[in-house]
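Only one structure is covered here, and it is reproduced in the block below.
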Amino acid sequence: MNYGDLIRDSFRITWRNRYLWFFGFFVYLGSGGGGGGGNTGGGDFDFDEQGSAEIASVSATAVQNTFQNLGLIIILIVAFLLIFLILFAIYVVSQGGLTDSVAAIESGQRRSFSSTWSAGARYFWRVLGQIFLFVGIVLGLLLIVAIPIGALVGGAFLTDSMAFRVTAIIIGVFVAIPALIVIFIPVAIIRQFARRTMVIGGDGVIASVGSGYRIFRGNLGRSLLVWLIQLGIMIGATIAYLIALLVVGGILALPAILLAVAGSTAGWITAAIIAFVIWLPFFLVGSAILGTFDHTYWTLAYMRMASGTSGATPRVV
182 MNYGDLIRDS
192 FRITWRNRYL
202 WFFGFFVYLG
212 SGGGGGGGNT
222 GGGDFDFDEQ
232 GSAEIASVSA
242 TAVQNTFQNL
252 GLIIILIVAF
262 LLIFLILFAI
272 YVVSQGGLTD
282 SVAAIESGQR
292 RSFSSTWSAG
302 ARYFWRVLGQ
312 IFLFVGIVLG
322 LLLIVAIPIG
332 ALVGGAFLTD
342 SMAFRVTAII
352 IGVFVAIPAL
362 IVIFIPVAII
372 RQFARRTMVI
382 GGDGVIASVG
392 SGYRIFRGNL
402 GRSLLVWLIQ
412 LGIMIGATIA
422 YLIALLVVGG
432 ILALPAILLA
442 VAGSTAGWIT
452 AAIIAFVIWL
462 PFFLVGSAIL
472 GTFDHTYWTL
482 AYMRMASGTS
492 GATPRVV
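First residue of the sequence shown: 182, per the working numbering; consecutive thereafter.
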């Protein structure tokens with residue numbers, strides 16, 4: 182496999198099919214004492230009594246305000262959950278739609294925004310099921326690693342020996358980090374292949390995991406190299422992208438800063454809103470391009486590896 186061609190073709194498809202950026206954006210989004218102070222005698226008592234009364238009054242007011250605004254709080258929570266579910270649903274649609282369209286374009290077929298959305302909707306439930314399946318796999322693997330290490334460190338803290346505690350922590354760290362690397366890099370790669378064997382190859386949710394593993398095992402060296410190249414590209418591109426956002430944001434924010442220093446409240450708020458409106462498209466477009474390129478890169482890598490792997494021949498629906 183020519184890795185230079187893989188990068189070039191991924192960029193070519195990303196740049197020439199800008200309608201894919203909508204879906205790439207959502208894919209990219211889916212890549213927190215005190216005391217009286219020296220008074221004595223009756224003064225302390227008076228202060229404590231007064232402070233307690235004030236605290237009780239504030240607490241009662243807070244509770245009363247909470248109940249008065251309970252409807253608004255519920256509306257805000259429901260609105261947040263609704264927005265989250267909508268964004269997550271579009272993310273799921275984007276996963277299936279991008280995979281299908283990139284594979285079709287690479288095979289010489291024509292695709293559009295509507296056909297990409299239709300494909301994503303068609304694969305929605307399978308992609309969703311696969312997402313939850315991999316969440317379960319990851320959580321299970323985390324428990325396999327965390328339970329023995331947690332038992333070792335927890336047991337060490339039941340003893341009085343500081344040396345034993347330090348030794349247990351060091352052993353836990355030096356075992357956990359390599360274990361997580363050895364486990365989760367292959368899982369990340371298998372997940373990429375499994376997503377594409379399900380959409381392009383037509384596998385079921387559970388069968389796709391086995392197919393993704395077979396492709397990874399049959400192309401071990403190439404899979405790891407593809408992952409390393411992708412990691413390097415995305416880190417470099419993301420750093421450059423963030424620097425560009427900061428530079429553009431700083432330039433756009435300069436009028437607002439000058440107006441704030443001059444004491445014009447209305448002026449700096451207006452300038453800040455205008456700066457944000459101008460800056461926002463840079464953020465949206467940059468994120469969309471990065472997400473589209475990354476997804477295209479893995480789809481093309483899958484197609485080039487799967488064609489030489491038994492039982493994993495790509496099939497575009």
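No residue lacks a Cβ here, since even glycine has one placed at the ideal position from N, Cα and C.
A quick note: this is a predicted structure, and the numbers were derived from the prediction, not measured.
Comparing alpha carbon positions, the residue from Gly317, Val466 and Tyr483 closest to Tyr200 is Val466. Per the C-alpha coordinates, the member of Tyr304, Gly278, Phe374 and Ile459 positioned closest to Ala482 is Phe374. In the same chain as Val429, and ignoring 5 residues on each side of it, the C-beta atoms closer than 8 Å to its own belong to Trp460 and Phe463, in chain order. The C-alpha of Gly301 lies about 21 Å from the C-alpha of Ser392. In the displayed model, Thr446 falls within a helix according to three-state DSSP. Relative to Val354, the option among Ile470, Thr340, Met343 and Val326 whose CA is nearest is Val326. The DSSP-derived three-state label of Asp281 is helix.
Rounded to whole angstroms, the gap between the alpha carbons of Gly444 and Leu435 is 14 Å.
Remark: C-beta atoms of Thr480 and Arg372 do not approach each other more closely than 8 Å. Under the DSSP assignment, Thr195 falls in the alpha helix (DSSP H) whose first and last residues are Tyr184 to Arg197. The stretch 379 to 386 makes contact with the stretch 303 to 315; the number of CB pairs closer than 8 Å reaches 3 or more. The Cβ-Cβ distance between Gly399 and Gly205 does not fall below 8 Å.
Val208 and Ser282 have their C-alpha atoms some 14 Å from each other. Judged by beta-carbon spacing, Ile470 lies within the 8 Å limit of Thr195, meaning their Cβ atoms are closer than that value. In the three-state DSSP reduction, Ser299 falls in the helix class (H, G or I). Secondary structure at Gln290: coil, using DSSP grouped into helix, strand and coil.
Inter-residue distance for Leu266 and Thr297 is about 20 Å (C-alpha atoms, whole angstroms).
Distance check between Leu361 and each of Ser299, Ile330, Leu426 and Leu439 places Ile330 closest, using alpha-carbon atoms only. The shortest C-alpha to C-alpha distance from Asp475 to any of Ala447, Ile410, Ala425 and Leu401 is the one to Ile410. Taking the Cα positions, Leu423 is about 34 Å away from Met379. Taking C-beta separations shorter than 7 Å and ignoring five residues to either side along the sequence, the partners of Ile318 in its chain run Val368, following chain order. Residue burial is scored here from C-beta neighbours: Val442 has fewer than 16 other C-beta atoms within 10 angstroms and is therefore classed as exposed. Per DSSP, the unbroken alpha helix (DSSP H) holding Tyr209 starts and ends at Leu201 to Leu210.
Secondary structure note for Ser389: its alpha helix (DSSP H) is the uninterrupted segment Val386 to Gly399.
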